[in-house]
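Number 101 in the numbering used here belongs to position 74 of the sequence shown; there are no gaps in the numbering.
All C-beta atoms, glycine included, are put in the ideal place defined by N, C-alpha and C.
Read the structure below first, then the notes.
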Amino acid sequence: MQTWKRRAKELKRELFVLYLAYKDRRISWLLRLFTLCVVAYAFSPVDLIPDFVPVFGYLDDLLLVPLGIFLALKWMPKEVIDEYRAQAAELAKKEKPKNWFVGGLIIVLYVALFVWLFPFFVERFID
């Protein structure tokens, strides 16, 4: 059980490192976009597979998020990772980070999804 708790703390710490690193200009825009998607999905309350679906509902939490973190860290230059790991450790000592940007991004994504799907539902169910 301690191994699971330790691993969960490590994933949380690495996710914070990715959050700090996604803005860095030393990484490609594609990797920044991938990193942003991983961080946003990890903080999002909406899952690809809802948690109430037996077994498969938790697979995205147990597989997709750790896989996304692993791939983003693997593709990122080591010096960038090391720099932001040190920065994350310093910030963790000082204060709890506020994720206003990620929260705002999730809201923007939900609004965009609603605007995109609304005409479909109106056409399908209202007419």
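Keeping to the same chain, check which residues put their C-beta closer than 8 Å to that of residue i; ignore five residues upstream and five downstream.
i      : result
Ala113 : none
Pro104 : Arg53, Ile54
Leu38  : Val92, Pro93, Ile96
Val107 : Ala48, Asp51, Arg53, Ile54
Return yes when the Cβ of residue j is within less than 9 Å of the Cβ of residue i, no when it is not.
i      : j      : result
Tyr111 : Val44  : yes
Leu47  : Leu118 : yes
Ile133 : Ala67  : yes
Phe61  : Ala116 : no
Val65  : Leu42  : yes
Phe70  : Asn126 : yes
Near residue i, which residues of its chain fall below 6 Å by C-beta distance, leaving aside the five closest residues on each side in sequence?
i      : result
Arg59  : Tyr49
Trp102 : Leu58
Asp74  : Asp87
Could you please give the first and the last residue of the uninterrupted alpha helix (DSSP H) stretch that includes residue i?
i      : result
Leu38  : 29–48
Ile54  : Where Ile54 is concerned, there is no enclosing alpha helix (DSSP H), given that its DSSP letter is neither H nor E.
Pro81  : Careful: Pro81 lies outside any alpha helix (DSSP H) and carries neither H nor E.
Ile76  : Where Ile76 is concerned, there is no enclosing alpha helix (DSSP H), given that its DSSP letter is neither H nor E.
Val129 : 127–148
For residue i, collect the residues of the same chain with a Cβ closer than 7 Å to its Cβ; drop the 5 residues on either side in sequence, then sort them by chain order.
i      : result
Phe128 : none
Using a Cβ-Cβ cut-off of 9 Å, state whether residue i counts as contacting chain C.
i     : result
Lys50 : Here chain C cannot be found, since the structure has a single protein chain.
In chain order, which alpha helix (DSSP H) runs of at least 4 residues are fully inside the segment 96–125?
-> Fully enclosed alpha helix (DSSP H) runs of 4 or longer: 105–121.
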